[in-house]
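What follows is a short report on a single structure.
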Amino acid sequence: MAEVNQILCPHCYKSNLRRARFCQHCGSDIVLNNDKPTDDRRYVITRVIKQGGQGAVFEGIDEGGQVFAIKQMLDKFTDPKESIEAIERFNAEAKLLQSLSHPRIPRVYSHFDDDNRHYLTMDFVRGKDLEQIVDERGLLPEDQVLQYADQICDVLVYLHGKGLIYRDMKPSNVMIEAASGGVKLVDFGITKLFKPTERGTQIGTPGYAPPEQYQGLATPASDIYALGATLHHLLTGRDPTEQMPFDFPAANSVNTSVSKRTSEALQRALQKVPQDRFATMNQFWDALRPERARRPAQVRVAQPTVQLPAAAAAQMAGAPAMAGTAAPPTPATRPARPSPARPAPPPRPAPPQRPPVHAPTAQQPAQRRGGLLAGIAAVISWMIALLVVAVIGMGAYVYVARPAWAEPYIAPLINSAPTSIPTGLTSQMVQFTVTIQLSADASDAERRSALLVAFTTAAKAQYGESTLVNQNVPPSTVGGTIEQIGGPDANNNVTYQATMQGYIYTP
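Heads up, the sequence shown is in this note's numbering, so the first residue is 71 and it goes up one at a time.
This is the structure we're talking about:
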């Protein structure tokens with residue numbers, strides 16, 4: 071890189087001489103990772119990449135001149151609970167990334183606190199994200215989109231194999247390296263371990279998130295939907311954040327150059343009901359790239375090695391990547407991932423040109439041995455992932471075989487979502503104070519769901535039955551407050567009240 075003569079203050083962002091130790095403008099310490107160092111590196115900032123109210127992303131260097139991306143989170147929250155939750159999410163993202171090893175995921179080197187600001191340092195990716203690319207060029211050629219999809223599916227299959235759900239797939243989270251044209255998946259702030267018994271609150275990005283994710287219900291099928299929405303945007307130039315909720319016409323009806331095969335794969339991935347989508351990311355991958363499934367499998371077996379989670383960062387720094395995570399060749403020549411290393415999809419009719427998939431018992435002895443070892447390695451990977459998550463206390467999200475109590479709230483939202491832009495309707499923001507009554511044992515998720523139903527009922531009562539609530543930007547409580555105003559009564563019911571604000575479509 072070129073010699074750096076000027077560096078920026080992490081507090082006032084003003085320029086200083088490279089040799090400065092303290093900012094000549096505000097007097098702050100310029101060098102990062104001094105307060106409570108987590109490694110031997112000391113960092114300085116050379117350029118602001120993105121900046122917002124709660125933090126920024128910088129380009130920076132260490133003492134040896136190596137370039138890093140430095141992510142900063144400011145603790146400016148007025149609500150102590152929000153502050154604690156934000157810091158926990160930030161630290162969880164850093165620890166999660168340090169536990170992962172994949173060529174399409176930037177490597178994290180350290181995370182630390184410095185002057186009441188929270189930082190993590192990672193590989194600096196030179197290039198643009200897909201949102202920038204599609205904004206500049208408009209819709210992209212199908213061959214190019216499928217090359218990107220090939221690499222994105224590879225990352226998501228890896229994450230799902232670790233028991234993780236990415237939950238925020240969208241074009242701006244996919245970086246394309248300038249030198250190689252390869253994909254890097256970034257921003258793991260709301261990635262969570264998949265548990266079929268818990269619910270969460272982070273919904274991902276409206277427009278790309280599937281219906282169930284608005285209810286805190288996220289599964290691997292949610293990533294399939296969001297990837298379908300991302301690829302649909304790239305192929306059609308149609309930004310889902312600017313459309314009606316869950317509105318995805320067939321890609322080849324918007325862009326006639328898109329093949330029927332790709333268009334049909336996207337339509338299945340974008341089904342509103344999770345069970346109607348592909349059962350696994352591998353199935354979606356095969357539908358997008360059927361030639362991949364026809365290549366002979368090449369079994370690669372990693373030697374199983376169990377390590378404590380604390381060793382994850384050291385493994386990242388010094389150990390070679392495990393089998394299945396080495397940088398793949400370009401999509402045109404890339405061999406298929408080893409089928410014994412992942413669960414087989416449920417039986418389905420095979421296309422005529424595709425050879426039948428045999429059960430493991432029908433494989434040759436050598437393949438059985440490879441499958442057994444790969445299976446052991448997969449089990450150990452799950453154990454390590456669970457240990458890591460236990461240590462960092464991450465949240466988790468429930469499988470959407472929907473529980474009975476949720477059905478009255480979720481089903482109407484999914485079933486009533488418009489499939490096209492209604493004619494004669496206009497959008498406006500409204501605010502209602504609503505009251506609900508639930509059991510004193512109700513969870514936060516149940517209260518949120520009931521409030522959403524109450525908001526919808528109030529909107530229809532005031533503006534008519536044809537009123538639609540914009541689920542692409544879901545209503546939220548003003549100030550984040552849900553107040554208990556009564557109870558518990560003789561039936562153990564509690565009355566809650568909240569002021570909610572959201573967008574509706576009215577005649």
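Even glycine gets a Cβ: it sits at the ideal position worked out from N, Cα and C.
- DSSP places Ile119 in the uninterrupted beta strand (DSSP E) bounded by 113-122.
- Under the criterion of beta carbons closer than 8 Å, Thr505 and Thr565 qualify as touching, at roughly 6 Å.
- When Pro211, Ile552, Asn104 are compared, the shortest CA-CA separation from Asn186 is found for Asn104.
- If you compare the alpha carbons of Tyr179, Val204, Glu201, Glu206 with that of Phe194, the shortest gap goes to Tyr179.
- Around the Cβ of Ile131, a 10 Å sphere holds 16 or more other Cβ atoms; the residue is buried.
- Looking only at His81, Val256, Gly286, Gln94, the smallest Cα-Cα distance to Glu163 is reached by Val256.
- For Asn325, the CB contacts under 8 Å within the same chain, skipping 5 residues up- and downstream, are Leu209, Leu305, Thr306, Gly307 in chain order.
- The Cβ-Cβ distance between Thr300 and Lys240 falls below 8 Å.
- Listed in chain order, the alpha helix (DSSP H) runs fully inside the segment 194-252 are 200-207, 212-231, counting runs of at least 4 residues.
- Every alpha helix (DSSP H) stretch that sits fully inside the segment 273-338 and reaches 4 residues is listed by chain position as 290-306, 321-324.
- Each residue's CA atom was taken as its position, placing Ala296 and Leu340 some 8 Å apart.
- With the rule of 3 Cβ pairs closer than 8 Å, the segment 198-207 counts as touching the segment 244-252.
- Between the C-alpha atoms of Ile235 and Leu226 there is a straight-line separation of about 8 Å.
- In this structure, Gln571 and Ser546 form a Cβ contact; the two beta carbons are roughly 6 Å apart against a cut-off of 8 Å.
- With 16 or more other Cβ atoms inside 10 Å of its own Cβ, Cys223 counts as buried.
- Across the structure, Gly277 and Asp110 are spaced so that their CA atoms are roughly 42 Å apart.
- Here the alpha carbon of Glu282 sits roughly 46 Å from the alpha carbon of Gly135.
- Under the criterion of beta carbons closer than 8 Å, Phe92 and Tyr113 do not qualify as touching, at roughly 15 Å.
- Judged by their CB atoms, Tyr189 and Gln121 are not nearer to each other than the 8 Å cut-off.
- Under the three-state reduction of DSSP, Thr569 is assigned to strand.
- Remark: C-beta atoms of Asn562 and Ser513 do not approach each other more closely than 8 Å.
- Per DSSP, the beta-bridge partners of Ala126 are Gln121, Gln142.
- Secondary structure of Ile77 (DSSP, three-state): strand.
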